[in-house]
Amino acid sequence: GGGDRDDETTDTTSGGGNGDEAIIDTSNCTGDTATGIEGNVIKLGTSLPQSGLYSAFAEILRGESAYFEYVNEELGGVEIAGETYQIELVNRDDEYQAEQTVAAVTELINDESVFALFNVVGTKNNLAIRDLVNDQCVPNLFAATGSPAWGNTDYPWTLGTALVPYPLEMKALVDYLSANDPDASIAVLRANDDFGAAYSETLKSLIEGTDLTIAGEETYNVELFDTKSQITSLAATNADVLVVGATLIGCPDALINVGASSWEPMIYMSGTCTSKTLMEAAGDDADGVFTVLPTLDPANPANDSNEAMALYKEKVAQYQSEADPTNGIVAYGWTAAALLVELLEQSPAADRVAVMETARAFEASDVGILRPGATVSTSADDWFLGETFSLVQYNLADQFFADVGDLIEEDGNTAEYTPESLING
Amino acid sequence: MNTDRFTPRLLMTVVAAVLILAALAYLPQYYGESQTKLYAEAIYIAIAALGLNLLTGYSGQVSIGHGAFYGLGAYGTAILMFDHDWNFFATLPVVAVLTFVVGAAVGFPALRLSGMYLALITLGLATLFPDLVTRFVKGTGGTSLVQPRNRPVPPEWAESFASEPDQWWYYITLAIAVVMLVLLWNLVRGRFGRALLAVRDHEAAATTVGIDAARVKVSAFAISALYAGIAGSCSVLITGLANAGRVEVFQQSIFFLVAVVIGGTATVIGPVVGAFVVVFLDDWAGEVIADKPVLSPAIFGIALILLMYVLPDGLVGGSRRAVAVLRRRFGSRAEPIAPPVPT
Amino acid sequence: MTLLDVSGLVAGYGPVQVLHGIDFTVDAGEAVVVLGANGAGKTTTLRALSGMLHCKGSATFDGQSLVNRAPSAIARLGIAHVPQGRGTFTELTVEENLRLGAYARRDKEVDADIDRWFDVFPRLRDRSDQNAGSMSGGEQQMLAIARAMMARPRLVLLDEPSLGLAPIITQGLFAQLAELNRELGVALLIVEQNAMLALSIASRGYVLETGEIVATGTGTELQENDEVRRAYLGV
Amino acid sequence: MPLLEVEDIRVEFGGVVALDDLTFSIDTGQICALIGPNGAGKTTLFNVLSRLYEPRNGRVIFDGTNLLDLPPHKIASLGITRSFQNLALFPTLTVLQNVMVGGYRSGGAGAVREALAWPGVARDERARAEQGRALLARLGLAHLADRPAAGLPYGTLKRIEIARALAARPRLLMLDEPAAGLTHSEVDELGGTISAIRDEFDLTVLLVEHHMSMVMGISDHVVVLDFGSKIAEGVPADIARNPRVIEAYLGTPA
Amino acid sequence: MDLFLSQLLNGIGNGVVYASLALALVLIFRTTGFLNFAQGEMALFSTYVTWQLTDWGLPVVASILISMALAFIMGVVIERVVIRPVEGGSPLVAVIVTLGLFLAFNSISQLIFGTESKVLPSAFPDSSWDVGGIRITAQTVGLMVVLAAECLLLYWLLQRTKLGLAFRAVSSNAESSKLVGISVGSMLALGWGLSAALGALAGAMVVPTTPALTAASLQAVLVYSFAGAALGGFDSPLGAVVGGITIGVAQALTIQYIDPLNDIELVVPFALIGLVLLFRPSGLFGRHVVERV
Ligand SMILES: Nc1ncnc2c1ncn2[C@@H]1O[C@H](COP(=O)(O)OP(=O)(O)OP(=O)(O)O)[C@@H](O)[C@H]1O
Ligand SMILES: Nc1ncnc2c1ncn2[C@@H]1O[C@H](COP(=O)(O)OP(=O)(O)OP(=O)(O)O)[C@@H](O)[C@H]1O
Ligand SMILES: [Mg+2]
Ligand SMILES: [Mg+2]
């Protein structure tokens, strides 16, 4: 429905903030920084694909909802500066289309008057709204991709999520190879977009000065998911290592195609591919694949003894009975929601600026089903979360990811390993 | 075709047009930003549908790929504004020429094709375009998204009615749409429009009276591409970005076609009405079953099918039929009931 | 015995009524001609009878009502129609067109019948594999007639069968129609502008004007009617 | 003096020879009838003259120009238009619009000027409409001007085609079975009309027709085709008696 | 050389996938005379049904057969209920209706079967053979055999049977078909039923060549299938197969040998179609129909 023109309060004309001195430049924020809080309810907004070809991401919402319902019902709500608030999450379906995200977010901010945006899905989708949230001084918390772009300090109102930033995945791989196979040759299969570029460009910059070499690189079309010919072509290089910078069905497709060839490289696969269904899709060919995980694997029965995991499974079953708790996407939503609650509770005031400032100097551990002992943190010059994780290897027999080596702690290092253009492009 | 100068019908048309324009002009005063945006979207989709109607309605060539020209227009404008800091208005002629030329280049081989073969080639275009964009455009954050920051700001003289930028953008889009509508109207009412219909109805016969069918058809293709391109430019104004995924481009293409058919092929006003129906139907479908968003495309799809049952000749055709029935019932005038005739 | 009995037949296109209640009959084995000026409603009458148009009134064929019966069902009752405009299956070959004519038949003599009609129109035999759509106008007219005959109908509705045929072919065609009618007892309802020729093989005729029957009589009666002579016989 | 000279025109479709090195000519101002059995190649010749079919060999000289050097849409400008054996009207247009399409070439302002409603565009348009109405009136169709063409009686449609062809102001008018589907009296009337418009519009007419009464009544010259070749040529009375023509085409009326 | 052969084989492997859906497109075109944009999504739905049946423990082949039978019924019902009201009207209206179906089927599949990807077992054994260093999978060979059989069957049905003649008659001239006694409605319904069944078969053949069944599974393939059908000519089953395989091979070789076209290899099939259609506007094997004036 239409709202009245006259309650417009925010100024929409200025450019991005300037993040050096005060982390967040609020000089242009003329609106009420406590919008979205009414009585003891704090209203949050999210936008994600719930219909169309990418609707599998809608499961995130179930994980989030399970956590919020748990907090609202059993813990009385979230406590910010001594006050307890019930959390209300307003969601919009954007079909994974950036312009629809813009429309949805405009609506969430103007008509729904949400306090903050939370866990909006997709790189393009978050990029598309980052000017908007900057202009209107609305926190966009835990943008749900591992893109290095969330480190861009021109956009202080956008905070990335606790997924491992894609460049760090390459750092972990390069470290692992340097220790175990220092003169390995690497073949790269990458998606034809910014996502694929994040892998391949970081990898190339990281192997400078090492004995590791790139044997070949092929791009595939993310909207087609077909990698057969690319793998054939890469197989011809007979490289020691294959990096699969692919996503969704592209991941198992690549694994299957490698399996069907006579090539037997060590495979490193993007951390975005770790969902149970994708691994099942790869079948036998998934055995021994390396990747990274910032959280515990909900499919690993060994983790059931973990208290956080037990809570997660219990509450999902209780509040979102239609969701499958072993689905990594649900688990991701749960963890993101837990991080948000943690962030809000750390905030000194129920106020957008306060929350955003907290987000920029945030530290948390044992949240959601993050790995026990893993700390996620941000600071004035580290804008990335998700920098503590494990290198893991898929165990086909037991169908879960087993840790390889110790917890990797790269807190504050993402920007250093990432080509500058990927962050500030 | 009204060759007489002044008829009651013309008067009614003018009155209706003025009323509708007044309503459209008042809209952003009443509605908030989101709603205004939705109307603006309907208006720029109407521009594209106007053009597509020239191709599909008048010239009989079905395209399910005009989302590509729309995208080309959007990227043209967005890149010129973002990378080269052009003024929005300055990008329009460039986009017009660009899309016209590309449209002609596609329309030329399309000459030999008809029916589903042509539809297929245009589908190919819609499929290919996003890949080309992903390949060649490095926009925001390394993605193919391009977001200019220099959209026009409301000038001082417009303060009284467009104090907010989104209102100003809405008015710009509306003005462009009105101009495009008038141009098209002039075009289809006369010799060119008749030639298009003639070529569509019987190409050989049209040729024998001196119509260069190839030229006419390619022109229709190019003009329709231009309209889609300008619609794309306007979309940058409204949404602030240019983007092209496969799903998006396909969906845009379908929206244009649906707007044409729902509104009424080979009528001037039909596609405009159709565009509003499509945009609001889509919006409604997304909300009507709030807890099952996964169903919204189905609702949209089923609504389309039902609409086609009720109005196989589009809204314009349907309302003409309704008027004819009323006239007969109340017998006010013994005018012969003319079946749908292009206006 | 009355084979086709039409009374009070009303039909039209959308709001436009063309036939304003016409009555006529065709007996089994009879040949009847319908004359009428341009736009009189002759085609409309035939289309209504073969179920292609929504109509009101009564029309029975061998005791069965034709009104609002599906065209394919009417065809299967034994009524064949040579439509105005020929209705060729343009993408199919001449022979396939003829086979389709026999679609409703179950017997094994289809090939023999094709041969028979090839004898009547030798041009069709020469071109049996040609795409029907590329045939000349007259050739297609021959095809349309032969196709209708392939159904071995009891009643044939012929809508201007001589249209576009060379005089010599027209003569042969009417001779053949007369023979069919005589020897096999096929009833014919012929709409024809070559009134002289048509009346020569018909036992009776009707004159249709603006959707109403204005004159009727035997062949000779009509040939002597002044009005008819002036308008349709050109004498 | 011949207006149109057809020389050695040959058209083949696969194995079918539709025109077999045909040669003949038409003098200015004549009504020349082209007759022959079905499939003799008459319509094919029309299609060659309108440049819809490409002949294998031969030349067609119209008033000094070789037609075969021109694209199909230039033929009308040269002064040749036609009607079609199988109706070829524009069914969604009104009768008047159909005829106005015939006047396409007159006063063409170009799409851009039209879109901008340039001065003169409206005037041209009015002129075309007036011309169209005049032609319709001439052919007795004035009352149908604003009716859609679809659904009109067959014979009426044939006459609309003639009006459309005339709207292009031709010098050579080609009519392919214009009398098909007409009653006797209508045929006679149409014959009269054709002779009359020939005189009024200074036309040369090439007429294909199976109605012998009309052919014999109005033509100055008759060309007879069979299997794509000319088997006879001459004045109507001679043709009617020519045994070859009787055998191949006329037959002996019962 | 080995690499070339491998890529050739990849291409053929993908090509047969495109071809199997293209055949369903050809069938519906031949039987009803128009293009069904929902064809792929109807096949998707049937494939989900097949998956559901295998998930309930039925053998794969039995599941496919049952699902084909259900698809047949679904096709008939859709024609009767959804398409019938717009038949005989403007083809554009029919296009919009099939687009509506396209949206409906995709989203209803997701509603019923969930949005998570599913693994559909293959009807063919998981084995493969090494022939001179080239690996040939049973999947590809099996698909080719099925395709060849389908192709022959379709050819026989359309070209050699009375039913086929009736199908062609209906798509050529519905009005005259009625006049010769063909029940046009039943033929159309039958045509929809058959092509839906063929689509179900295609889906069950195609999806196991991809890692998993998702709502997007057939959309990418469908574009190539359309392309294949266009290349071969929409009215020729053989054309659909040759066209589909050509597209697959062109795509694979482009990826291997034309680096500048990497990830925009779609250019190649469409350029190919453009080229072919320029010279043969009805496709390689399509029958060119002359319309006389
Ligand atoms: N499809 C149609 N829509 C509207 N009116 C039609 C349609 N077809 C025919 N008519 C009108 O119906 C009347 C009768 O037409 P019909 O075709 O039956 O005439 P006819 O006697 O067969 O004449 P002819 O065959 O010589 O043209 C005519 O006035 C014609 O204009
Ligand atoms: N495209 C084509 N393919 C094959 N044969 C063709 C084609 N066009 C015409 N023909 C054949 O060429 C011959 C001449 O046809 P044309 O149409 O010129 O005959 P016509 O003299 O006009 O006959 P009618 O009096 O029946 O109209 C016919 O036998 C016809 O079948
Ligand atoms: Mg008639
Ligand atoms: Mg002819």
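Residue numbers (my numbering), protein chains in the order written: chain B, 1 to 425; chain Y, 1 to 343; chain G, 1 to 235; chain R, 1 to 254; chain X, 1 to 293. Note that the Cβ used here is the ideal one computed from N, Cα and C, for glycine as well. As the structure is a prediction and not an experimental result, all values here were calculated from the model.
Boundaries of the alpha helix (DSSP H) in which residue i is found, first to last residue
| i | result |
| --- | --- |
| V316 (chain Y) | G314 to F330 |
| Q159 (chain X) | Here Q159 (chain X) belongs to no alpha helix (DSSP H), and DSSP marks it neither H nor E. |
| Q219 (chain X) | S217 to G232 |
Where residue i falls, given that 16 or more other Cβ within 10 Å makes a residue buried
| i | result |
| --- | --- |
| V101 (chain Y) | exposed |
| M1 (chain R) | exposed |
| G57 (chain X) | exposed |
| K37 (chain Y) | buried |
| G8 (chain G) | exposed |
| Y103 (chain G) | buried |
| E21 (chain B) | Since pLDDT at E21 (chain B) reaches only 47, below the 50 mark, its modelled position is unreliable, and the value read off the structure follows with that caveat. It counts as exposed. |
| P260 (chain X) | exposed |
| H66 (chain Y) | buried |
| D235 (chain X) | buried |
| S426 (chain B) | With chain B represented from 1 up to 425, any question about residue 426 (chain B) goes unanswered, as that position is not in the structure. |
| L173 (chain B) | buried |
Own chain, CB closer than 6 Å to residue i, minus 5 neighbours either side, in chain order
| i | result |
| --- | --- |
| L5 (chain X) | I134 |
| L139 (chain R) | R159 and A163 |
| Y39 (chain Y) | L27 |
| G245 (chain Y) | P130 |
| N395 (chain B) | A402 |
| A128 (chain B) | A98, T101 and V102 |
| T170 (chain G) | S162 |
Residue i, enclosing beta strand (DSSP E) - first and last residue
| i | result |
| --- | --- |
| K56 (chain G) | C55 to F61 |
| L206 (chain R) | T204 to V208 |
| D176 (chain R) | L172 to D176 |
| W81 (chain G) | Note on identity: in this sequence residue 81 (chain G) is His, with Trp being the wrong assignment. Taken as a continuous stretch (DSSP letters only), the beta strand (DSSP E) holding H81 (chain G) covers I79 to V82. |
Chain-order list of residues whose beta-carbon lies under 7 Å from that of residue i (same chain, five-residue window excluded)
| i | result |
| --- | --- |
| R47 (chain G) | L53 |
| L75 (chain B) | none |
| I269 (chain Y) | V316 |
Sequence-distant residues of the same chain with beta carbon closer than 8 Å to residue i, five excluded per side
| i | result |
| --- | --- |
| S379 (chain B) | R360, A361 and G412 |
| I37 (chain B) | K43, Y85, F115 and A350 |
For the region 19 to 39 of chain G, which residues have a CB atom closer than 7 Å to at least one CB atom of chain R, in sequence order?
A37, N38 and G39
Residues passing the C-beta test against ligand 2 heavy atoms, cut-off 5 Å:
G:S134, G:M135, G:S136, G:G137, G:G138, R:F13, R:V16, R:A18, R:N38, R:G39, R:A40, R:G41, R:K42, R:T43, R:T44 and X:V290
Looking at chain G, which residues of the region 16 to 49 of chain R have a Cβ within less than 9 Å of any of its Cβ atoms?
V16, A18, I35, G36, P37, N38, G39, A40, G41, K42, T43 and T44
Listed in chain order, which residues of the region 16 to 41 of chain X have Cβ atoms closer than 7 Å to some Cβ of chain Y?
L35
Which of the residues in the region 246 to 257 of chain B, read from start to end, lie with their CB under 7 Å from any CB of chain X?
I249, P252, D253 and I256
Using Cβ-Cβ distances below 9 Å, what residues of the region 271 to 286 of chain X are close to chain G?
none
Chain-ordered residues of the region 102 to 114 of chain X with a beta carbon less than 7 Å from chain B
S107 and Q110
Using a Cβ-Cβ cut-off of less than 7 Å, give me the residues of the region 32 to 44 of chain Y that come near chain B, in sequence order.
G32, E33, S34, Q35 and K37
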